[in-house]
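Residues in the sequence shown are numbered consecutively from 1, following the working numbering. Glycine residues also receive a C-beta, built at the ideal position from the N, C-alpha and C atoms. Report on the structure given below.
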Amino acid sequence: MPPRISSATTLSQLDVAVETIDGDSAVVISQDGRGDPFKLKKVSGQWQIAASDFSKDVDPSRIQQSIDDMNFSATLIEQYAGDVNSGKYKTANEAKELIQLQMRAAIEAYANSRGAATLPSTAPSSGPG
């Protein structure tokens, strides 16, 4: 297994990386030249890395599955946040318990509708809290 690299390590490496800027395009290469270069584009005054650079070796159907899963999760979160904000639950504990039950059912139905063998990663934690 490769060693884990912390965010601080990554940021410190980025600070010493070599950058080449050409108008609204830039390339950033690690100081030692190892690894793939980051290609950036300036959009509305902000530098951005294209998502396609992170997914160039990934099957497009897996990318779409991830997008669908995130949209599904966002819909659930918005629904439950609205329920909490409207006062649907009397206590925080009641909200936690009922939302977890509803979420499990929604995730199972979603997974079954996609013919998934496993549930998406939005399953609630069964740990303390």
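In terms of Cβ geometry, residue 28 and residue 37 form a close pair [threshold 8 Å]. For the 8 Å CB-CB criterion, residue 13 and residue 25 do not form a contact. Between the C-alpha atoms of residue 108 and residue 101 there is a straight-line separation of about 11 Å. Looking at 81, 83 and 73, the one whose alpha-carbon comes closest to that of residue 104 is 73. Taking residue 55 as the centre and dropping the five residues before and after it, the same chain places the C-beta of 63 closer than 7 Å to its C-beta, in chain order. In the DSSP assignment, residue 20 falls within the unbroken beta strand (DSSP E) covering 18-22. For residue 92, the three-state secondary structure derived from DSSP is helix. With a threshold of 16 other beta carbon atoms within 10 Å, residue 69 meets it and is buried.
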